[in-house]
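Going by UniProt numbering, the first residue of the sequence shown is number 1, and it counts up by one from there.
Working notes for the structure below.
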Amino acid sequence: MNSAYLEIAAANTVVAAVAAFIGGLFIAGSLIWAVQIGMRVRRLELRPPRPDEQPRLPAGGAVHEIREMREPDEVPLAKDESERLMPYELHHGGGKRSRNQKPPTWSPGSSGSFGSGGPGHT
C-alpha cells in the first residue's frame, strides 16, 4: 500500500511540475507579445519635436501679468419675475474692472493681519 501512495504522489508531483512549466511558458509568451505590441504602438506615435520646433518667446519679450482692481458684476434681473435668465443673457466674467484702480490702503485702528481682529499695528 505504501508503494501505491508513493507512485500516486510522484505522479501528482510530475503533473504539477509540468503544469507550472506550461504556465510559465504562457506568461513569458504573453509578456513577449505585450512588448512587441508596445514597440509597434511606439513606432506609430508622433516623433518628439526638434529643437527648432520648440516654442519661442514672442518678439516683444515675455508676457507679464496685469494687476487691476476688480469689483463684482451683479447678475441682471429678469424682466418678469416668472421668467428665468438664459445663459446668453448673463455677462461673461464674474467681475468687471473697477473705476478706482488705487489699491486699498491700511488705516490705523483697523483689524490686525489677515483680519484676525487684533489691535492692529500699535
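Quick reminder that beta carbons are idealized off the backbone N, C-alpha and C, glycines included.
Model, not experiment: these values are computed from the prediction.
Worksheet item: Is the Cβ-Cβ distance between Glu71 and Ser98 less than 8 Å?
Response: The answer is yes: Cβ separation under 8 Å.
Fill in: Those residues which DSSP pairs with Glu89 across a bridge
For Glu89, which the question treats as bridged, DSSP gives no partner whatsoever.
Worksheet item: The beta strand (DSSP E) with Gly61 in it runs from where to where?
Response: Judged by DSSP secondary structure, Gly61 falls outside any beta strand (DSSP E); it is assigned neither H nor E.
Worksheet item: For the segment 85-97 against the segment 59-73, are there 3 or more C-beta pairs whose distance is under 8 Å?
Response: The segment 85-97, when compared against the segment 59-73, does touch it at the 8 Å Cβ threshold.
Discussion item. At the level of alpha carbons, what is the spacing between Leu44 and Gly38?
Written reply: Each residue's CA atom was taken as its position, placing Leu44 and Gly38 some 10 Å apart.
Worksheet item: Who are the near neighbours of His91 in its chain, counting only those whose CB is closer than 7 Å to its CB and skipping five residues on each side?
Response: Within the same chain, Asp73 come within 7 Å of His91 by CB-CB distance, once the 5 residues on both sides are set aside.
Fill in: Opposing strand residues paired with Arg97 [DSSP bridges]
Partner(s): Arg70.
Fill in: Span separating the alpha-carbon of Ile8 from that of Ala16
Straight-line Cα distance between these residues: approximately 12 Å.
Worksheet item: Do you know offhand how far Asn12's Cα is from Ile22's?
Response: Distance between the alpha carbons of Asn12 and Ile22 is about 15 Å.
Fill in: Rounded separation between Arg40 and Ala34 - CA only
Roughly 10 Å between the two C-alpha positions.
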